[in-house]
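Single-structure report; data block below.
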Amino acid sequence: MFESERCTRRSVVLSTGTLALTALAGCSGGGGGGGSENDGGGGESQSDGGTATETESGDGGGGSGGGTPSFDGWMENVGNYDGVVDETGGDEVTVAVGAEGNGGAYAFGPPAVRVSSGTTVVWEWTGQGAQHNVAAESGGFESDLSAEEGFTFEHTFSESGTYTYVCTPHRTLGMKGVVVVE
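Final position of the sequence shown in the UniProt record's numbering is 182; the numbers increase by one with none missing.
Okay, structure coming up:
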C-alpha cells in the first residue's frame, strides 16, 4: 500500500506542477511551446526552413497596430507581444531582459524587433524575474544566466533572416523573442 500511495502523491505533484505552469503561461489550448523545435539548422539564419519564418497577416507587421506577423505561432504565448518594433537604420538596438510580461518580469522588451543587417542587438538585464539568459533557437548565440541588473549581452546580425530566441529557464512561460534582419 505504501508504494501505491507514493505513486499517487507523485501523480498529484506532477499534475499540480503542470497545471501551475500552464496557468502561468496563460495557455488556453494545445499549443504548448508555440511552434516546432529547430535543432537541425546549425547556423543562425532561420529564414529558410527555421522555426519561425515571418508570416505576415495584415499591414506588413510593422508597428503595433493592425495585423502582426505570426512567425508560424512562435509568439502565440508571449504576453507582451504587440507586433514588430521597427528599429531599422540604427547601428545598435537595446532589448530589456526581465521586462514586465507573462505574469511577472518574464519577457523581453520589446519581444520582436526589425533591424537592418549589421545592427548589434544589446540585451540588458533589468534585475527582475530571477535568472535569465538569451539563447538562439538555432544555437547561433547564447548568453550566460544572470539576475544582475545592468548585465548585458550583445550579438551583431550580419545576415538577413528571422532569428528566434528564448530565455531557457522561462521558455514555457512565454519568454521568447524574434529579431527580423533586413
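Cβ atoms here follow ideal geometry from the backbone N, Cα and C, with glycine treated the same way.
Pick from Thr68, Val179, His170, Phe151: whose alpha carbon is nearest that of glycine 127? Along the sequence shown, read from residue 1 onward, the residue named residue 127 stands at position 127. Of the listed residues, the one whose Cα sits closest to glycine 127 is Phe151.
Given glutamine 131, which residues of its chain have a CB within under 7 Å of its CB, disregarding the five upstream and five downstream residues? In the sequence shown, residue 131 corresponds to position 131, counting from 1. Once the five neighbours on either side are set aside, the close Cβ partners of glutamine 131 are Leu145, Ser146, Ala147, Pro169.
Which class does aspartate 72 belong to by DSSP, given the choice of helix, strand or coil? In the sequence shown, the residue the question calls residue 72 occupies position 72. Here aspartate 72 sits in helix by DSSP.
Using 8 Å for Cβ pairs, my map puts histidine 94 next to valine 115. What's the rounded Cβ distance? Locating residue 94 in the sequence shown gives position 94, counting from the first residue. Locating residue 115 in the sequence shown gives position 115, counting from the first residue. Reading off the sequence shown, one finds threonine at residue 94, where the question assumed histidine. Contact flag wrong, Cβ pair sits at about 11 Å.
Between which two residues does the beta strand (DSSP E) harbouring glycine 150 extend? Residue 150 sits at position 150 when you count from the first residue of the sequence shown. Here glycine 150 belongs to no beta strand (DSSP E), and DSSP marks it neither H nor E.
Counting only the same chain and skipping the five closest in sequence on each side, list residues whose C-beta sits under 8 Å from that of alanine 135. Counting from one through the sequence shown, the residue named residue 135 turns up at place 135. Within the same chain, alanine 135 has close Cβ partners Phe141, Glu142, Ser143, Tyr165, Val166, Cys167, Thr168.
Cβ-based neighbour list, tyrosine 106, same chain, cut-off 6 Å, excluding 5 preceding and 5 following: Looking up residue 106 in the sequence shown gives position 106. Result list for tyrosine 106: Gly129, His170, Leu173, Met175, in chain order.
Run through DSSP, which three-state label would threonine 88 get? By 1-based counting over the sequence shown, the position of residue 88 is 88. Note: threonine 88 maps to coil in three-state DSSP.
Which partner residues of residue 185 appear in the DSSP bridge assignment? Residue coverage of the chain in this structure runs from 1 to 182, which leaves residue 185 outside it and unanswerable.
Name the one or two DSSP bridge partners that alanine 112 has. Taking the first residue of the sequence shown as 1, we reach residue 112 at position 112. Partner(s): Val178.
Sheet register partners of threonine 120 (DSSP bridge): By one-based count along the sequence shown, residue 120 stands at place 120. Paired residues: Glu92, Thr156.
Which whole-angstrom value describes the C-beta separation of serine 117 and serine 158, a residue pair presumed to lie in contact below a C-beta threshold of 8 Å? Here residue 117 corresponds to residue number 117 of the sequence shown, with the count starting at 1. Here residue 158 corresponds to residue number 158 of the sequence shown, with the count starting at 1. Going by Cβ atoms, the distance from serine 117 to serine 158 rounds to 6 Å, so yes, they are a contact pair.
Should glycine 90 be labelled buried (16 or more other beta-carbon atoms within 10 Å of its own) or exposed? Walking along the sequence shown from the start, residue 90 turns up at place 90. That one is exposed.
Expressed to the nearest angstrom, what Euclidean distance is found between the alpha-carbon atoms of serine 47 and serine 160? On the sequence shown, residue 47 is found 47 positions in, with the first residue counted as 1. On the sequence shown, residue 160 is found 160 positions in, with the first residue counted as 1. Note on serine 47: pLDDT 34, under 50, position unreliable in the model; the coordinate value appears next. Each residue's Cα considered, the two are about 8 Å apart.
How would you label glutamate 182, buried or exposed, when you count the other beta carbons within 10 angstroms and need 16 or more for buried? In the sequence shown, counting from the first residue as 1, residue 182 sits at position 182. Exposed.
Using the DSSP secondary-structure output, state which residues sit across from valine 97 in a beta bridge. The sequence position of residue 97 within the sequence shown is 97, counting from 1. Valine 97 pairs with Phe108, Trp125.
Please name the residue in Glu154, Ser138, Tyr81 whose C-alpha comes closest to that of glutamate 100. Within the sequence shown, residue 100 is the residue found at index 100, counting from 1. Ranking Glu154, Ser138, Tyr81 by Cα distance to glutamate 100 puts Tyr81 first.
Could you check which residue in Thr119, Pro110, Glu137 has the C-alpha nearest to that of tryptophan 125? Residue 125 sits at position 125 when you count from the first residue of the sequence shown. Nearest of Thr119, Pro110, Glu137 to tryptophan 125, Cα basis: Pro110.
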